[in-house]
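Participant: Could you have a look at this structure, given as structure tokens, before my questions?
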Amino acid sequence: MKHRSSLFVLLVVALLLSVSAVSAQDAVTIRYVLWDTNQLPAYQQCADAFTAANPDITVSIEQLGWDDYWTAITTGFISGDAPDVFTNHLAKYPEFVALEQLVDLQPLVERDGVATDIYYPGLAELWSKDGARYGLPKDWDTIAVVYNSDLLAAAGVDPAVMADWTWTPEDGGSFLETIAALTLDANGNNGLSPDFDKTNVVQYGFVPDTMGGAYGQTQWSALAVSTGWTFNNGVWGDEYYYDDPRFIDTVQFWADLALEYGYAPSFEEVTSLGSSTLFQAGNIAMTMNGSWMIGTFLSSEFPVGFGRLPAGPEGRKSMFNGLADSIWVGTPHLEESWSWVKFLGSADCQNIIGASGVVFPAIPEAAGMAQQMRADAGVDVSAFVDQANEDGGTFLFPIADYAGEISTIMNEAMDAIGLGISKAADVLPAANAEINDLF
Amino acid sequence: MAAIRVTASPLVKPSLMSRIGNNQALLGYLFILPSLIGFIAFFAVPAIRSIFISFQEWNLLTDAKYVGLENYQELFADDRFWRSLQITVTYVLWNIPLQTVLALGIALLMERISNSPLLRGLLILPWLMPNVIVAMLFVWLLDPTLGLINIFLQNIGVGQQGFFGDPNQAIASIAGVNIWRHMGYTAILIYAGLKTIPKSLYEAARVDGANGLVQFLRITLPLLRPVLVFVMVTSVIGSFQIFDTIAVATEGGPAGATRTIIVYIYEQVFERRINMGMATAASVVLFLILVSVTIVQIRSFRGNQSDLADYS
């Protein structure tokens, strides 16, 4: 009896194994990962549309939070278990190129005649190095000001002020004045009043999204580059300019919003839960953040609006960052992965993403759909789109080697400035020297 | 079944099972075999391999290159490494004394006032919670503006504290979280040690007129020594390897104030394109430190001997 039942189990197992072996020959499952939960539903729609057009290929989407995402991908490279296709970031991909973990898509692009000029200008080139191509663009983002409409109305500040406000590192311009007008102490004095008590603030005018480390994407980069400063000597640069006086002044201004003026919560207060959580608590008037956060801010318990960045000495500047989809060299299904990446980079998928409004796709028409979707819901996101369309309105995320090392060095220096332990002028030249020694 | 067959036909040679059963030493080894295999596969082999890797330049993906002592030279020349050692020691000094004293206090209280298994269960509850959850919980509780603990501190007039956000408080805050998490568990270990002390000793002491403090200093503490040494050795080793709470709460910041040695090792791999040579070199240094600390602890507290014989 016992023997017979175990024989039966064996038979069932053998049958199951052979069935899965047969189906594995016909259908391929591609593993795809992304980090943003907000984007998961739209990309699932893309995957469904892709499988409908290619019945032999299924896409299994996994989502991991930003911090675990890169650790998981790196360990996946080593253990041979990395996803076939993954969402890649400009800060990370040079490292993966150096480790020889990304498939060069250029031969495939040429073979299949894939057009790379359908995207926003500059996006496709961000993913090329020495004639090789490591990703197809999927989206882009810019930075804008986010404000609490109720608090602006209560202080009598018209959001229209953001259409032409200005900033300089010396006096902060009308940008700083507006922030001051929106800061209130316990006695009801705002930041412009001579009686303003910065030790007893009940409403802050602005919350910086922390000190921003090496890139300051949602922080100081918009201000620093508006002075004419650049991060380094161009794409794949090997010399950084973190010791430039214009940069030093900008970073000191950024830290002084809390330390000197008292118009912003301190770095200590922002660092653990993050600026968007503090902003959503409802007693901070403004912040600056990226277009991928639009949905998060709209889920606040108060009305939120999006305004233009202040214009610096050289105009209005926003970092222009773009994500792309890359294929891991270890994939056992290169052709199927390439089909999926091609689909992700095509109007077929990007229109689905655009219609969801969750991010701005890399193809301009699809990005227009995202803007329209928000407008239909009564939300004006033109601050982000106009910035991207403006001549000279954007600068690119600095792509270079040693991003991990640079971040380690700059995080430490910027934290110290934000905490008031050091002055920007005292630590940034040394940090810059340490970074330039890496190359 | 095998044993039955042996008795049924004594002419047949004793079966394998019964021979093993009769060999006490072999049986012992068989029992530890599963954990021995795990120890060799997941601890011994990687540990020995990492010593070799520490003399190489290797990212686990391309070919390894022998570089001699270069990794160690680079390590010892790195200010961040020395600072991470200093931060780790600071953490251990916050963590261990407070945790052990509190645990001892709780264990003595339990012995005095309650034998309740429910109470003991409640005490180890924090220890049963995953570290990541505990860390997330405290990130919210200790937050300067939105955290419950900070709002309480402001209401009683102590004022707002930075905790994880303040470089002067961050490492002590991490230690505080882990003291909260571990003291109940440590208390249970000490409580078990208290139970092994014969009651007759205390009765004799009372007859001789010794008060509570004298009883504690002359009987409880000396007889608890083996348990305390076990607790100290294991918790010091664990304390030196603090990582998870930091990874969740501060990621080594602010301004590098919580970059302990394990965080430093982690950065070598995940922020420095899988620099295994440096990571393993730092691990070897940590290993040597832990071996030395443990030997000193066991030697100076004579942890392998009990004083119970002296009392009989």
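Protein sequences, first through last, are from chains A and B. Just so we're aligned, residue 4 is where the first sequence starts under my numbering, counting upward by one. Just so we're aligned, residue 714 is where the second sequence starts under my numbering, counting upward by one. From the three backbone atoms N, C-alpha and C, an ideal C-beta is built for every residue, glycine too. No experiment lies behind these values; they were computed from the predicted model shown.
#1: Give me the chain A residues within the contact set of residue 980 of chain B, using Cβ-Cβ distance strictly less than 7 Å, ordered along the chain.
#2: Taking the alpha carbon of residue 961 of chain B as the point to measure from, which residue in B:953, B:972, B:951 has its own alpha carbon closest?
#3: What is the DSSP secondary structure of residue 758 of chain B, reduced to helix, strand or coil?
#4: Short check: CB of residue 162 of chain A to CB of residue 308 of chain A, under 9 Å?
#5: For residue 418 of chain A, which residues in chain B fall below 9 Å Cβ to Cβ?
#6: Between the Cα of residue 216 of chain A and those of A:60, A:111, A:418, spot the shortest distance and give me the residue it belongs to.
#7: Does any residue of chain C bring its CB to less than 9 Å from the CB of residue 847 of chain B?
#8: Taking only beta-carbon atoms, is residue 267 of chain A less than 9 Å away from chain B?
#9: Just the chain B side, please: which residues come within less than 9 Å of residue 423 of chain A by C-beta, in chain order?
#10: Spell out the partners DSSP gives residue 264 of chain A in its beta bridges.
#11: For residue 435 of chain A, which residues of its own chain have a beta-carbon under 8 Å away from its beta-carbon, when the five flanking residues on both sides are left out?
#12: For residue 893 of chain B, tell me which candidate among B:812, B:996, B:760 has the shortest Cα-Cα distance.
#13: With DSSP as the reference, label residue 812 of chain B as helix, strand or coil.
#14: Residue 407 of chain A versus chain B: which residues are under 9 Å apart at the beta carbon?
#15: Which of the three DSSP states, helix, strand or coil, is assigned to residue 140 of chain A?
#16: As a quick exercise: from A:267, A:125, A:87, A:64, pick the residue whose alpha carbon is nearest that of residue 200 of chain A.
#17: Compare the beta carbon distance of residue 142 of chain A and residue 326 of chain A with 9 Å and say whether it is the shorter of the two.
#18: Strictly below 7 Å CB to CB, what residues from chain B border residue 339 of chain A?
#19: Quick one: what's got a C-beta closer than 7 Å to residue 954 of chain B's C-beta in the same chain, skipping five residues either side?
#20: Please state the DSSP three-state secondary structure of residue 925 of chain B.
#21: Tell me, to the nearest whole angstrom, how far the beta carbon of residue 297 of chain A is from that of residue 384 of chain A; I am working on the premise that it is less than 8 Å.
#22: What residues in its chain sit with their C-beta under 6 Å from that of residue 340 of chain A, if we drop five residues either side in the sequence?
#23: Can you give the Cα-Cα distance for residue 236 of chain A and residue 431 of chain A, rounded to whole angstroms?
#24: Can you tell me whether residue 823 of chain B is buried or exposed, with buried defined as 16 or more other CB within 10 angstroms of its CB?
#25: Considering only the beta carbon of each residue, do residue 950 of chain B and residue 1007 of chain B sit closer than 9 Å?
#26: Among the residues of its own chain, which have a CB less than 6 Å from the CB of residue 261 of chain A, if the five just before and after it don't count?
#27: When the Cα atoms are used, what is the spatial distance from residue 443 of chain A to residue 393 of chain A?
#28: What residues in the region 835-865 of chain B bring their beta carbon closer than 9 Å to a beta carbon of chain A?
#29: Use the C-beta contact count for residue 291 of chain A: other C-beta atoms within 10 angstroms, 16 or more gives buried, fewer gives exposed.
#30: Between residue 48 of chain A and residue 795 of chain B, what straight-line distance do the alpha-carbon atoms span, to the nearest angstrom?
#31: Flag residue 101 of chain A as yes if its beta-carbon sits less than 9 Å from any beta-carbon of chain B, otherwise no.
#32: Along chain B, in chain order, which residues have C-beta atoms closer than 8 Å to that of residue 74 of chain A?
#33: Is residue 422 of chain A buried or exposed, if buried means 16 or more other CB atoms sit within 10 Å of its CB?
#34: State the Cα-Cα distance for the pair residue 754 of chain B and residue 764 of chain B, rounded to the nearest angstrom.
#35: Say whether chain A places a C-beta atom closer than 9 Å to the C-beta of residue 795 of chain B.
#36: Roughly how many angstroms lie between the CA atoms of residue 134 of chain A and residue 362 of chain A, to the nearest whole one?
Facilitator: Reading off the structure:
#1: Here the question's residue 980 of chain B lines up with position 267 in the second sequence. Under the 7 Å cutoff, chain A gives 411.
#2: Looking up residue 961 of chain B in the second sequence gives position 248. Selected option, being the one with the closest Cα: B:972.
#3: Indexing the second sequence from 1 puts residue 758 of chain B at position 45. Reduced to three states, the DSSP call for residue 758 of chain B is helix.
#4: Walking along the first sequence from the start, residue 162 of chain A turns up at place 159. Walking along the first sequence from the start, residue 308 of chain A turns up at place 305. Less than 9 Å separates the beta-carbon of residue 162 of chain A from that of residue 308 of chain A.
#5: One-based indexing of the first sequence puts residue 418 of chain A at position 415. By Cβ distance, chain B contributes 880, 966, 967, 968, 969, 970.
#6: Locating residue 216 of chain A in the first sequence gives position 213, counting from the first residue. Comparing Cα-Cα distances from residue 216 of chain A to each of A:60, A:111, A:418, the minimum goes to A:418.
#7: Absent here is chain C; the protein component of the structure consists of chains A and B.
#8: Against the first sequence, residue 267 of chain A aligns to sequence position 264. No, its Cβ sits nowhere closer than 9 Å to a Cβ of chain B.
#9: Sequence index remark: in the first sequence, residue 423 of chain A carries index 420 (1-based). In chain order: nothing, as chain B lies at least about 11 Å away.
#10: Locating residue 264 of chain A in the first sequence gives position 261, counting from the first residue. According to DSSP, which records beta bridges pairwise, residue 264 of chain A is partnered with nothing at all.
#11: Working through the first sequence from its first residue, we reach residue 435 of chain A at position 432. These residues qualify, in order along the chain: 243, 244, 245, 246.
#12: The count along the second sequence starts at 1 and reaches residue 893 of chain B at position 180. The residue with the shortest Cα to Cα distance from residue 893 of chain B is B:812.
#13: Locating residue 812 of chain B in the second sequence gives position 99, counting from the first residue. Under the three-state reduction of DSSP output, residue 812 of chain B falls in the helix class.
#14: Within the first sequence, residue 407 of chain A is the residue found at index 404, counting from 1. What residue 407 of chain A touches in chain B: 980, 983, 984, 985, 986.
#15: The sequence position of residue 140 of chain A within the first sequence is 137, counting from 1. In the three-state reduction of the DSSP assignment, residue 140 of chain A falls in the strand class.
#16: Position 197 of the first sequence, counted from the first residue, corresponds to residue 200 of chain A. Per the Cα distances, A:267.
#17: Locating residue 142 of chain A in the first sequence gives position 139, where the first residue counts as 1. Locating residue 326 of chain A in the first sequence gives position 323, where the first residue counts as 1. The answer is yes: Cβ separation under 9 Å.
#18: Along the first sequence, one-based indexing puts residue 339 of chain A at 336. Those do not exist, as residue 339 of chain A stays about 24 Å from chain B at its closest Cβ, beyond 7 Å.
#19: Walking along the second sequence from the start, residue 954 of chain B turns up at place 241. Closer than 7 Å at Cβ, skipping near neighbours: 975.
#20: Counted from its first residue, the second sequence places residue 925 of chain B at position 212. Assigned with DSSP and collapsed to three states, residue 925 of chain B falls in helix.
#21: As a working mapping, residue 297 of chain A is identified with position 294 in the first sequence. As a working mapping, residue 384 of chain A is identified with position 381 in the first sequence. Yes, they are in contact, since the Cβ atoms of residue 297 of chain A and residue 384 of chain A sit about 6 Å apart, within 8 Å.
#22: Numbered from 1 along the first sequence, position 337 holds the residue referred to as residue 340 of chain A. Cβ within range, chain order: 33, 87, 88, 330, 334.
#23: Stepping through the first sequence from its first residue, residue 236 of chain A is reached at position 233. Stepping through the first sequence from its first residue, residue 431 of chain A is reached at position 428. The straight-line gap from Cα to Cα measures roughly 18 Å.
#24: The residue given as residue 823 of chain B occupies position 110 in the second sequence. With 16 or more other Cβ atoms within 10 Å, it is buried.
#25: Start at 1 with the first residue of the second sequence, and residue 950 of chain B comes out as number 237. Start at 1 with the first residue of the second sequence, and residue 1007 of chain B comes out as number 294. Less than 9 Å separates the beta-carbon of residue 950 of chain B from that of residue 1007 of chain B.
#26: Working through the first sequence from its first residue, we reach residue 261 of chain A at position 258. Excluding sequence neighbours, residue 261 of chain A sits near 267, 269.
#27: Shown here, chain A extends from 4 to 442; a query on residue 443 of chain A therefore has no answer.
#28: Interface annotation for the region 835-865 of chain B against chain A: 852, 853, 855, 856, 857, 858, 859, 860, criterion Cβ-Cβ distance under 9 Å.
#29: As a position in the first sequence, residue 291 of chain A is number 288, starting the count at 1. Burial check for residue 291 of chain A: the Cβ neighbour count within 10 Å reaches 16 or more, so the residue is buried.
#30: Walking along the first sequence from the start, residue 48 of chain A turns up at place 45. Walking along the second sequence from the start, residue 795 of chain B turns up at place 82. Looking at the two C-alpha atoms, the distance is approximately 51 Å.
#31: In the first sequence, counting from the first residue as 1, residue 101 of chain A sits at position 98. So yes, residue 101 of chain A belongs to the interface.
#32: In the first sequence, counting from the first residue as 1, residue 74 of chain A sits at position 71. Per Cβ cutoff of 8 Å: 983.
#33: In the first sequence, residue 422 of chain A corresponds to position 419, counting from 1. Flag for residue 422 of chain A reads buried.
#34: Your numbering for residue 754 of chain B matches position 41 in the second sequence. Your numbering for residue 764 of chain B matches position 51 in the second sequence. Linking residue 754 of chain B to residue 764 of chain B through their CA atoms gives a straight-line distance of about 16 Å.
#35: Against the second sequence, residue 795 of chain B aligns to sequence position 82. Taking Cβ atoms only, chain A never reaches closer than 9 Å to residue 795 of chain B, which makes this a no.
#36: Here residue 134 of chain A refers to the residue found at position 131 when the first sequence is read from its first residue. Here residue 362 of chain A refers to the residue found at position 359 when the first sequence is read from its first residue. Taking the straight line from one Cα to the other gives about 29 Å.
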